[in-house]
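All residue numbers for the sequence shown refer to the working numbering, where the first residue is 809 and numbers rise by one. One structure is given here, and the rest of the page talks about it.
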Amino acid sequence: MTGFKSFPERTHLEFLDGVTAIVGPNGCGKSNVCDAIRWVLGEQSAKALRGGEMADVIFNGADGRKPLSMAEVSLTFSGCQDLLKTGSLAGSEVNFDEVTVTRRIFRDGHGEYLLNKTPCRLKDIHSLFMDTGIGRSSYSIMEQGKIDMILSSRPEDRRAIFEEAAGITKYKSQKKEALRKLEYTEANLLRVNDILAEVRRQMNSLQRQANKARRYQEMMKELSGLDTQLARHDYDKLTAEIRELETQTRALHARIEETRLEIAAGEGELHQLRADLEKLEEAVQQIIRQQSEIQGQIDRDQDRIVLHLERIREAEGSIQQAGRESAEITERLQRLRSELHTLVDHLRGAEETLTQSAQALRDAQDSLAGSESELKDKLEQRQNIQSRLLDCDSILANLRSQSASLARQIEQSSERRRQLEQEQGTWISRQDEQRVKFDAMKGEILSFQDTLSFHRDTLVGTEENLRKVRQEHEQVQLGLIDRQKSHAEKASRLEVLRQLEAAYEGYSEGAQAVIRKINQQARDPGEPGLVSRLIGTMASLIDVDPKYALAVEAALGSSLETIIVQNQGEAMDLLRQLQHENLGRASFAFPFDLPQPHQYDLPLGGLLFANQAVRAAPEVDALVRHLLGDTVVVESLDRAIELRAHHPALAFVTLNGEIITEMGILTGGSHNAASFNLLERRNQIQTLEQEVRHLEDAIGELSR
C-alpha cells in the first residue's frame, strides 16, 4: 500500500495461512486494511469505503506530512493456479502460480487496474475472482459489525452468501445474463413482427414510391451524365479559349510593349521635332521681323531717297532758278555796272564839268545851289546803287555757297543712294536666302507633320489594339470571376460535406454515440474505460469507382457503418457501454486473419465482382473480400434475375442498387437507409477536391 488512507508510506503486509481476523485498538488501521483489500478487488462505492468520493482514499496529509497525489494498493496471491485457472486475462487463460492485482487512483479522478503489471479492465478482475469467495462484497472479508448484519439480514441475502461459498454465483450470473438477453431478443422479435406488419401494410405505397424513386434515379443519373458531359464540354471549350486568350494576351502584351517603346521613341522624336519646329518658327519669326525691319528700313530709305531726289530736284530747280537769277543778277549787275560806268563816266564828266564849272561855279553861284541839290540826288543814287551792288554781291555769294552746298548734298545723296541700293541688294539677297531656308524649314515641318501623323495613326491603331486587349482582358477577368464564384460554391459545398463526414452524419445513432465517446476520450485521456484507438469506419476505409458506388452501397448495406477497432476486447467493451447507457446499436470489427474466400468464375453477362470495384485499406481488405467476393455487378435487374437462375450460389446487384441475394431475396427501391450516400458523399468530396484544385490552378493561371 502507498498513499491509501492512513498509510502514506509504502507498507507491506503478508497474510500467511491461518489468518482469520485482524484485531487491534481503535484507530490503529484495521478497517483501512480491509478497505484497501476491498478497494483493490474493485469496490466502486465510496460510501462503502467510508468516504464521500473515491479520491478520499488518498492520504490527505497530517502533522508534518503533505497530502499525496496518488493512492496505490497491490494484492498478491500465490499458489493460485488451480483456483484461478478459469479466469481470463486479455482473452487468454491465466495459468500463473502468482497473481498480483493492482489499483491506482489520482487526485483528478483518473484510475487504472493492472493484473501482473498489465493494464486490464475492472470486469477482468471481477471475472477472475468470481466463485472464489474473494471479491469486493464476498464473504471472505468480514469487517467489524458484518457478522451481526449477516445474522439479522433477510434470507435472500444470506442465501447469496451461501451461493457464493458454493461456487454457483457465476452460473447464476450467466443465467441472469442469458435470461436478460432472451427477454431482449423476445422484445426485438415483437418489434420485428410489428415492423413486418407495418411494412406489409405499406408495401404497395412503398412499391409505388420505389418505382418513382427508381425513375428518379434513372433521370438523375441521366441528368448527372448530361451535366457531366456539358461541364466537360464547357470546361474543354473554356480551357481552349483560355489558352488562346493567353497566347493572344502574351502577343498583345509584347506588341503593346513594342508599340509603347515606339510611341515613347516617337514622342521623344516628336518632342525634339516640336522643339526644332519651335526654334525654326522662332527663327522664321525673327527673319520675318528682320525682313519687316529691313523692308521698313528700305521703305524709309526709299522715302528718304525720294525725298532727297525731290530735294535734289528742288535744289536743281533752285540751282537753275539761282542760275537764272544769277544770270539776271549778273545781267542786271552788268547793267548796273554799265550804268555805274555810265554814271562814273557821267561823274567823271560831271567832275570834269564840275572842275570846268568850278570857275563858272563861282560865277554862277545862283545856279550852284540847284546843281548841289542835283549832285546830292546823284550821290544818293550812287550810294543806293553801291548798296544794291553790295547786296547783289552778297546774294551772289550766298547763291554760290548754296549751290556748292547743294552740290555737296547732291553728291552725298547720290553716294547714300548708291549705299542704300547696295544695302537693298544685300538685304534682298539675304531675304532670298531666308526665303529658301524658310521654304526648306516648311518642307521639314511638313515632313515632320507627316511623320507625326503616321505616329498618331500608329498610336490610334495601338490604342485600338490595346482596347481590344483590354476587352479580352475583361473577358478573361469575367471568366476569372466566374471561376472564383464556382470555386467558392464548390469549396463551400466541399466544406459542408467535410463537416458532415467529420460529424459522421448518416450513421446510426449507436455508431455516432461510439464515435463521440472515442473523440471525447481523445480530448479527455483521463476518462477510464474508453477505447484508446479507432481505426475508422468501413465507409471511410474503402474507395469505390463512382460508376459502381450504388451497387457497392447496396451490397454492403449497413456494413458500411461498421466501426473498425484494434481488437475484440475493445469491441466488446464498446458494445457493453452502448447497452449500459442505452445509446443504440452499432456494429464492430477488428483486423484478424480470415481464410481465403471461395473463388468463383465471373458469369457471362456480369460486369465484375463487387470487391473488384473497391480499393480497401489493409485493415478491412480481407473483410471486404468476404463480404463482396460472391456478389456480381450486372447492368440491369432483368440480367440479375436471368443469371440468378443459373448461379444460385452468387448474389447479384445492379448499377442502380437493386440486389438479389443467394437466398433469392430481392431488395430495391429508394435508398432511405442511413448507410446510403456514405460512399457517394466520399466520392463527391474527392470529386469536389479535384474540381477545387483544378479551379485553383485555373484561377492562378488567369491571375498571372
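Built from N, CA and C at the ideal position, the CB exists for glycine as well.
Check	Outcome
Expected contact under 8 Å - CB spacing of V865 and G872 to nearest Å	So it is not a contact: roughly 21 Å between Cβ atoms.
Per-residue DSSP class, three states only, for L897	Only weak support exists for where L897 lies, its pLDDT of 46 falling under 50; the value from the coordinates is given anyway. Three-state DSSP puts L897 in a strand.
Cα-Cα separation, V902 to L849	Only weak support exists for where V902 lies, its pLDDT of 48 falling under 50; the value from the coordinates is given anyway. Their backbone Cα atoms lie some 17 Å apart in a straight line.
Enclosing beta strand (DSSP E) for M1380 [first to last residue]	Segment Q1376 to E1389 is the alpha helix (DSSP H) holding M1380; no beta strand (DSSP E) there.
Inter-stretch contact (C-beta, 8 Å, three-pair minimum) for the segment 1412–1424 and the segment 1349–1365	yes
Candidates V841, C836, P816 and P833, of which the one nearest E822 by Cα	V841
For A863 and R915, believed in contact at Cβ under 8 Å, the rounded distance	6 Å
Secondary structure of E906, DSSP reduced to three states	strand
Span of the alpha helix (DSSP H) around E1450	L1445 to H1454
Identity of the residue in G1287, S1348, E1026 and S1316 nearest R1393 by Cα	S1316
Residues bridged to F867 (per DSSP)	BP columns for F867 are empty, so no partner.
Beta bridge counterpart(s) of D1351 as assigned by DSSP	R1423
For R911, three-class secondary structure by DSSP	strand
Residue range of the unbroken beta strand (DSSP E) whose run includes L936	That residue, L936, is in no beta strand (DSSP E); its alpha helix (DSSP H) goes L930 to F937.
Buried versus exposed call for D1409 [16 or more other C-beta atoms within 10 Å across all chains shown]	exposed
Member of R912, R1423 and A856 whose CA lies at the smallest distance from the CA of G811	R912
For G1318, the nearest candidate out of V1268, G1365 and L1382 (CA to CA)	L1382
C-alpha distance - Q1292 paired with K1325, whole-angstrom precision	39 Å
For A1296: DSSP bridge partner residues	A1296 is not bridged to any residue.
C-beta contact flag for L1474 and E1443 at 8 Å	no
Assumed close pair E1470, L1458 - CB separation to whole angstroms, cut-off 8 Å	7 Å
Residue burial classification, V827 (beta-carbon count within 10 angstroms, cutoff 16)	exposed
Under 8 Å between C-beta atoms of E1499 and K1298	yes
Simplified DSSP state of Y1315, which is helix, strand or coil	coil
Through-space distance from R967 to Q982, alpha-carbon basis	18 Å
Below-8 Å beta-carbon distance, L998 vs any chain C residue	Chain labels in this structure do not include chain C; a single protein chain is all it has.
Through-space distance from D1351 to N1491, alpha-carbon basis	8 Å
Exposure of P816, with buried meaning 16 or more beta-carbon neighbours within 10 Å	buried
Buried versus exposed call for M1011 [16 or more other C-beta atoms within 10 Å across all chains shown]	exposed
Span separating the alpha-carbon of E1369 from that of Q1025	23 Å
As assigned by DSSP and simplified to three states, the class of G919	strand
Best match in A1424, E1450 and F1400 for proximity to G1414 [C-alpha to C-alpha]	E1450
Alpha carbon of V1441 to alpha carbon of S1294, nearest angstrom	35 Å
8 Å contact criterion, which I1372 and V1428 should meet: CB distance rounded	6 Å
Buried versus exposed call for M1028 [16 or more other C-beta atoms within 10 Å across all chains shown]	exposed
A1073 to G1269 span [Cα, whole Å]	16 Å
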